[in-house]
Amino acid sequence: MKKRYRVVFTERAKRDFDSSFEWGRREWGDAAARRWYREIKAQILISLSTSPLGHPLAPETEEHGGEVRHMIISRYRVLFEVEGKTVRVMHLRGSYVGPESGNLGVDE
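For the record, in the sequence shown the residue sitting at position 75 is 75 according to the numbering used here, with numbers rising by one throughout.
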């Protein structure tokens, strides 16, 4: 049986998702934005709860000082770190995630 990891989202990651969702509502409408939100969250949870170490190190690893990995989903990059059996999603980067998209938000 595969090792299971607990996936948690930082406040920064939650804001990134909310910001992208609001952009999607404006661009695609409420129903499509809700579908996107459910689908991307499901993909993240499925992949990161079973095989987070299968994703490559992100270029941000050097600036963070610890191992930051990334997962690519469509036009989005999900930045996360693994500590024991916990995966901490730190950031969502994509076409629109809000004005503060440069900070990893590791202090939150």
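Built from N, CA and C at the ideal position, the CB exists for glycine as well. It should be emphasised that the depicted structure is a prediction, and the values quoted were computed from it without experimental measurement.
**Message:** Going by the DSSP bridge assignment, what does Tyr37 pair with across the sheet?
**Reply:** By one-based count along the sequence shown, residue 37 stands at place 37. Its beta-bridge partners do not exist; DSSP assigns none.
**Item:** Spatially closest choice to Gly54 from Ala33, Glu63 and Phe80, by CA coordinates
**Value:** Numbered from 1 along the sequence shown, position 54 holds the residue referred to as residue 54. The residue with the shortest Cα to Cα distance from Gly54 is Phe80.
**Request:** Count the other C-beta atoms from every protein chain shown that fall within 10 angstroms of the C-beta of Ser20, then say buried if there are 16 or more, exposed otherwise.
**Result:** As a first step, residue 20 is located in the sequence shown; it is residue number 20 there, counting from the start. So Ser20 ends up on the buried side.
**Prompt:** Over what stretch of residues does the beta strand (DSSP E) that includes Thr10 continue unbroken?
**Reply:** Along the sequence shown, one-based indexing puts residue 10 at 10. Unbroken run through Thr10: none, as it is neither H nor E.
**Message:** Taking 6 angstroms as the limit between beta carbons, can you name the residues of its chain near Gly24, skipping five residues before and five after?
**Reply:** Position 24 of the sequence shown holds residue 24. Ala33 and Trp36.
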